[in-house]
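Protein chains in written order, with the numbering used here: chain A, 1 to 430; chain B, 431 to 860.
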């Protein structure tokens, strides 16, 4: 497994076969994985216990945070949800071989635009025992081969789950080898990032630091987000109840999530009334509020904001007084991360301005930023959330793992006949 | 104009305003440009004459090829086609603000997926006087700001056309400043490639060398193709007439084009009969044929192939004998550039195998590779041809200059209500 160039090359070859498999074979492979995980639940739990023991030592030595430790556990419940997740992916429509259009270019010359897998995808994720099975399922369903590298804290759990998956795929008739590949070291990842001949897309799932490292060290397109600096703007016409409820949910429902709110912008015309209510509510639910000078002049005891482009990732946020929706939008476009931003307002003009001009993957009106999620959007599965401006933006479902090719069917047709005027293009969608 | 960071930042600000302009204003801007080009045809011709004089000297000194020189001229006919091209872009549907879906996530909580411009695009093109107007028109219609750098051989022509465009945009009511920006030096380009905070996409249009330089020197996504190594495979069941006609058109119709054929693969079972006919036809139309050992054993006097992944770009090609459609597909996936590849065959199984397994933007059956073109595909305009596996593949129309955002409309909706079971997702497309 040490020669990543070979692993990537073999994955590329596998991806070609995989790209033309029927949905039946792909679903049979998924079913075999789900069954094998069920049958081998105990061996996953045993491997996970080894990881937990090692992680406990690391926590005691101060080398691992408690919050990471809490995510490592793979008990029967977690394994059952992994299995449920695989069944969910089975139920999704096959995202490949969809004909996006069929067009007669000229008499007897037919062009089809057909979806197909991207090819080979490299996925780097941190310590979570459930990601390996989930990403493998998504890759299989979308017809992509993958190179996977998980966090070192779950190395035993991942090795066992990986073996279960590979054995299940080996038993699936017609399913090629080398579709799912596990990497083990940082050196493997570094080499993977340089295999731009074989690997078509990299998806990093983890900390800002991990994503930034990946973005800065590869020529392969990277799908994801380095940071999630989400804003809520309370407009002059904001309904205070909605604003307070939406902000509380956006911050507190899961403070560590990328779609939780980090900065609240408040229109100056409501600041005197709204801010004391807001700070009191935040204090009540244990959220620390830092403010700009104007905000600190209105409410005593706020911390000072050090940097606007800051992702707290915990129960803490920044507040700034702005003079208008225009200033709010400018602030968001300057300091935001293009993830998800919300306006709380009862004024249609302000809302339209905000929705059109905020340059983010998600622009919300009177709704919690926590809705930015593939499952909540109804995609059935989520590959990740992208703040890219090309390919896929926002929560990415299976579709984001596909591209398309053009198939042209002719009968010896040549371009010269069209240049000479002998034949004419009809360009008729059929 | 020397501080490209400022130019890029201003373009980004302009792109935000541009993204919400109505189609009427964008079309008015295009009409003003077309009118101004018509009115100032003489000044364009005068500037172009300066470029031609300088280029003539360069040709005489052997510093510029005749084929580049031939492309430099902007006479009245060429300017009229530029103007026609702008009218064509006016006629295209607005690619932004298209609602891709509207979905009720839950009662009263409505998600829309809406197309929008990418933002700021950097375009680098070589010496052609018509590209500046064409790209400007495409950028305006798709709502993207652009930084443009043309070949130095057309610097006078480009400067005059640029001034005409900017003046026309200044006269267009409601149209923001800084949408179209012209760069002048290699240093400007180098700095542009590092402005990944402001620039969202780079489109290089030119030689393999130019595209490779760009790909290797930026973190910004690059849309395009470095090379066009297109194949035609003559299957065992190929109709000889179709094969000969399609290969001739694919090579001779415009040998310098990226979609012209470079390698012909011939099934071994027809090689003895087909190859002599093929070589005789190629000789007749002035195409040099180089072959592998088997081909050279069948027909005398063929050159030796030096390298399979080679783009001749002129009337010369490689021929290789293969034992099956499988070998043909493997060869194409190994040595091709993922651009456009064709099978000539009367056997459905071979055709299906080829169309499914060749991993290229275009997979053709019995049709010239020269059809790979945005106009011929009926896109109305072409931004370029992409061999990328993400975002846009094959000939790219206006659509390739757009992405989408998610707009969520609520009434104070929070995620906690769904986690607690108080509310349920409906996920109903409406």
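Idealized CB from N, CA, C, for every residue including glycine.
This one's a predicted model, so the numbers in the text were calculated from it and none came from an experiment.
Any C-beta of chain A under 8 Å from that of residue i
i, result
"residue 565 (chain B)", "no"
"residue 861 (chain B)", "Residue numbering for chain B in the displayed model covers 431 to 860; residue 861 (chain B) lies beyond these limits and cannot be assessed."
"residue 573 (chain B)", "no"
"residue 595 (chain B)", "no"
"residue 672 (chain B)", "yes"
"residue 828 (chain B)", "no"
With 16 other Cβ atoms within 10 Å as the buried cut-off, status of residue i
i, result
"residue 487 (chain B)", "exposed"
"residue 87 (chain A)", "exposed"
"residue 51 (chain A)", "buried"
"residue 426 (chain A)", "exposed"
"residue 706 (chain B)", "exposed"
"residue 507 (chain B)", "exposed"
Residue i (DSSP reduced to helix, strand or coil)
i, result
"residue 605 (chain B)", "coil"
"residue 619 (chain B)", "helix"
"residue 505 (chain B)", "coil"
"residue 855 (chain B)", "coil"
"residue 843 (chain B)", "strand"
"residue 461 (chain B)", "helix"
"residue 818 (chain B)", "coil"
"residue 195 (chain A)", "coil"
"residue 493 (chain B)", "coil"
"residue 743 (chain B)", "coil"
"residue 830 (chain B)", "helix"
"residue 546 (chain B)", "strand"
"residue 667 (chain B)", "coil"
"residue 656 (chain B)", "coil"
"residue 794 (chain B)", "strand"
Cβ of residue i within 8 Å of any chain B Cβ
i, result
"residue 175 (chain A)", "no"
"residue 203 (chain A)", "no"
"residue 45 (chain A)", "no"
"residue 371 (chain A)", "yes"
"residue 265 (chain A)", "no"
"residue 253 (chain A)", "yes"
Within chain A, partners of residue i - CB distance below 8 Å
i, result
"residue 675 (chain B)", "412, 414"
"residue 771 (chain B)", "Going along chain A, no residue has its Cβ under 8 Å from residue 771 (chain B), so there is no contact; the nearest lies around 10 Å."
"residue 645 (chain B)", "219"
C-alpha gap between residue i and residue j, whole angstroms
i, j, result
"residue 101 (chain A)", "residue 662 (chain B)", "25 Å"
"residue 541 (chain B)", "residue 667 (chain B)", "52 Å"
"residue 5 (chain A)", "residue 243 (chain A)", "53 Å"
"residue 622 (chain B)", "residue 629 (chain B)", "8 Å"
"residue 595 (chain B)", "residue 523 (chain B)", "22 Å"
"residue 499 (chain B)", "residue 505 (chain B)", "14 Å"
"residue 241 (chain A)", "residue 266 (chain A)", "14 Å"
"residue 250 (chain A)", "residue 207 (chain A)", "20 Å"
"residue 202 (chain A)", "residue 220 (chain A)", "7 Å"
"residue 708 (chain B)", "residue 561 (chain B)", "37 Å"
"residue 369 (chain A)", "residue 212 (chain A)", "23 Å"
"residue 308 (chain A)", "residue 786 (chain B)", "50 Å"
"residue 501 (chain B)", "residue 468 (chain B)", "21 Å"
"residue 146 (chain A)", "residue 440 (chain B)", "40 Å"
"residue 761 (chain B)", "residue 784 (chain B)", "12 Å"
"residue 382 (chain A)", "residue 224 (chain A)", "12 Å"
"residue 176 (chain A)", "residue 150 (chain A)", "23 Å"
"residue 478 (chain B)", "residue 583 (chain B)", "10 Å"
Proximal chain A residues relative to residue i, where beta-carbon distance stays under 7 Å
i, result
"residue 857 (chain B)", "378"
"residue 533 (chain B)", "378"
"residue 548 (chain B)", "389, 390"
Where residue i meets chain A, residues with beta-carbon distance less than 9 Å
i, result
"residue 824 (chain B)", "113, 404, 405, 406"
"residue 787 (chain B)", "16, 17, 19, 20"
"residue 639 (chain B)", "Result: empty, since nearest Cβ-Cβ is about 17 Å, beyond 9 Å."
"residue 763 (chain B)", "12, 13, 16"
"residue 707 (chain B)", "Under the 9 Å cutoff, chain A gives no residues; its nearest Cβ is about 15 Å from residue 707 (chain B)."
Chain-ordered neighbours of residue i on chain B, where CB pairs are closer than 9 Å
i, result
"residue 409 (chain A)", "781, 785, 794, 795, 796, 797"
"residue 221 (chain A)", "651, 818, 819, 820, 821"
Partners in chain B for residue i, counting only beta-carbon separations shorter than 8 Å
i, result
"residue 291 (chain A)", "What residue 291 (chain A) touches in chain B: nothing, since even the nearest Cβ is about 24 Å away."
Any C-beta of chain E under 8 Å from that of residue i
i, result
"residue 726 (chain B)", "Absence of chain E from the displayed structure is noted, the protein chains being A and B."
Chain B residues whose Cβ lies nearer than 7 Å to that of residue i
i, result
"residue 361 (chain A)", "835, 836"
"residue 140 (chain A)", "Within chain B, no residue comes near residue 140 (chain A); the closest Cβ sits about 17 Å away, beyond 7 Å."
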